[in-house]
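Colleague:
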Amino acid sequence: MKVVFLQDVEGTALVGEVKEVKNGFARNYLIPRGLAAPATKENLRYAQLLAEREARRQAKLDAEARPLAERIAGLELVIEARVGETGRLFGSVTNRDIAQAIAAKVGAEVDPHHILLHEPIRELGRRDVTIKLTRNVSAVVHVEVVPDEASKAIVERLKAQEEAARREAEKRQAEAEYAARAAQGRRGGTAKENASEDE
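Below you can see the structure in the form of C-alpha cells.
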C-alpha cells in the first residue's frame, strides 16, 4: 500500500515522504497512530506542504545546532568510575553521564537521547562517541573512562598481575625453546643438517 508519512518513523521514512509499505503495517500501525495516511491525491498535496514545512524546520534546527556541534566536536571528556576486582566497572557509564560531562566541560546542555551509545560503557578505556544533534548535524567526542581515586589501587594491582603473568609466559616460552634446541642438539644437529648427512 502506498502511504504518505505525516511524521518521521525511524528506520522507515521521514515526514512528507511517499512510500510503498506492507498493507498490514499501514493498516494496523501507521494509519491508526496518525503516522501516515493513504496516498490519495489530496493527501499527496498535503504531503508536499508537510515536506516543505519540515525542510524549513529542519534547516532552522540545523542552523541552531551547528554552533553547539562546533563547540563540542573533538572534545576530550574524562569520566571517573568505580572499578571492581576484575577490572570492570561497577555499574556503567551511560549517555546521561556523558551529557553531564559535556555540560560540566563547556556549559552546554545536550539531550542524552542525542548521544549514540549502542550499549552503556562497562570497561575502562577511550572511545569515540557520536552526538547526533539533528538529522544532519552531529559531532564526535572522545570519552576516556578512568578509575576513580578509590579504584586506582585495584587497577594498579591488576596491571601488576597482568605484567607478572606476561613475564611468566615469556619465561615458559623461552624455556620451551631452550629445551627444544637442547633436544635438537642431542639428536646430532638440526633436521636440515641430518637430511644433508643422509644424502
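Every letter in the sequence shown is one number past the one before it in the numbering used here, and letter 61, counting from 1, is 474.
Idealized CB from N, CA, C, for every residue including glycine.
Bear in mind the structure is a predicted one, so any value in this text is a computation, not a measurement.
Would you mind giving the Cβ-Cβ distance between E463 and G429, rounded to the nearest angstrom? I have them listed as a contact below 8 Å.
Modeller: Position 50 of the sequence shown, counted from the start, is the residue given in the question as residue 463. Position 16 of the sequence shown, counted from the start, is the residue given in the question as residue 429. For the sequence presented, residue 463 should be read as Leu rather than Glu. Right, their Cβ atoms sit about 4 Å apart.
Colleague: To the nearest angstrom, report how far apart E610 and G598 are at their CA atoms.
Modeller: Numbered from 1 along the sequence shown, position 197 holds the residue referred to as residue 610. Numbered from 1 along the sequence shown, position 185 holds the residue referred to as residue 598. Note that E610 has pLDDT 49, beneath the 50 cutoff, so the model's placement of it is unreliable and the number below is only indicative. Using only the alpha carbons, I get a separation of about 15 Å.
Colleague: When the Cα atoms are used, what is the spatial distance from V554 to A514?
Modeller: Within the sequence shown, numbered from 1, the residue matching residue 554 stands at position 141. Within the sequence shown, numbered from 1, the residue matching residue 514 stands at position 101. Each residue's Cα considered, the two are about 11 Å apart.
Colleague: What is the residue span of the alpha helix (DSSP H) that L463 lies within?
Modeller: Along the sequence shown, read from residue 1 onward, the residue named residue 463 stands at position 50. Note, L463: alpha helix (DSSP H), K454 to I485.
Colleague: For P560, does the count of other Cβ atoms within 10 angstroms reach 16, so buried, or fall short, so exposed?
Modeller: Counting from one through the sequence shown, the residue named residue 560 turns up at place 147. Classification for P560: buried.
Colleague: Taking the alpha-carbon positions, what's the V431 to A450 distance?
Modeller: If you number the sequence shown from 1, residue 431 lands on position 18. If you number the sequence shown from 1, residue 450 lands on position 37. The alpha-carbon atoms of V431 and A450 are separated by roughly 10 Å.
Colleague: Exposed or buried, which one is F618 when buried takes at least 16 other CB atoms within 10 Å?
Modeller: No statement about residue 618 is possible, as the shown extent of the chain runs from 414 to 612 and does not include it.
Colleague: Please say whether V417 and A452 have beta carbons closer to each other than 7 Å?
Modeller: Counting from one through the sequence shown, the residue named residue 452 turns up at place 39. Counting from one through the sequence shown, the residue named residue 417 turns up at place 4. Going by C-beta atoms, A452 is nearer than 7 Å to V417.
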